[in-house]
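The block underneath contains the structure these notes are about, expressed in structure tokens.
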Amino acid sequence: MNYASPAHLNAITELKERASTVFTKIDEGIFLVVKDRSHTFSGRLYVNSREVIDELNCNLKVAILSRSQIGAPIVLHSNF
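In full-length UniProt numbering, the protein residues as written are 1 to 80.
The following block contains the structure:
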């Protein structure tokens with residue numbers, strides 16, 4: 001059986017807590033805004049890749065997550 005280990009899930013949780021902005025990649029060019037401490041996206045749920053890149057250039061604590069084939073969260077990028 002494939003599953004995410006508790007250590008992996010704890011690491012993801014810690015990363016999400018430390019980040020100011022967290023995105024989850026939905027599809028090519030579409031990202032879900034999971035966390036937005038600076039209120040840059042003012043309640044928007046989805047953003048495009050250009051907006052994610054702009055946030056990476058402006059903010060020092062951005063994480064981009066995705067889901068593996070079994071549904072476990074994986075880190076695509078973090079800049080801290």
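Glycine included, C-beta positions come from ideal geometry on N, C-alpha and C. Since we're looking at a predicted model, the values are computed, not measured.
Three-way DSSP call (helix, strand, coil) for residue i in this model
i             : result
asparagine 59 : coil
serine 5      : coil
asparagine 48 : strand
arginine 18   : helix
isoleucine 70 : coil
threonine 40  : coil
Cutoff 6 Å; reference residue i; Cβ partners in own chain excluding five residues on either side
i                : result
alanine 72       : Ala4
phenylalanine 31 : Phe23, Lys25, Val47 and Val52
Proximal residues to residue i (C-beta, below 7 Å), its chain only, five neighbours per side dropped
i            : result
threonine 13 : none
glutamate 17 : none
arginine 44  : Val33
leucine 15   : Ala63, Val75 and Ser78
Inter-residue Cα distance where the pair is residue i and residue j
i           : j             : result
arginine 37 : glutamine 69  : 29 Å
lysine 35   : proline 6     : 22 Å
glycine 29  : arginine 50   : 8 Å
residue 145 : asparagine 10 : Any property of residue 145 remains undetermined from this structure, which presents the chain solely from 1 to 80.
valine 75   : histidine 8   : 10 Å
serine 78   : aspartate 54  : 14 Å
Segment contact, 8 Å Cβ cut-off, at least three pairs: the segment 11 to 23 with the segment 55 to 75: Contact between the segment 11 to 23 and the segment 55 to 75 is present, because at least three Cβ pairs lie under 8 Å.
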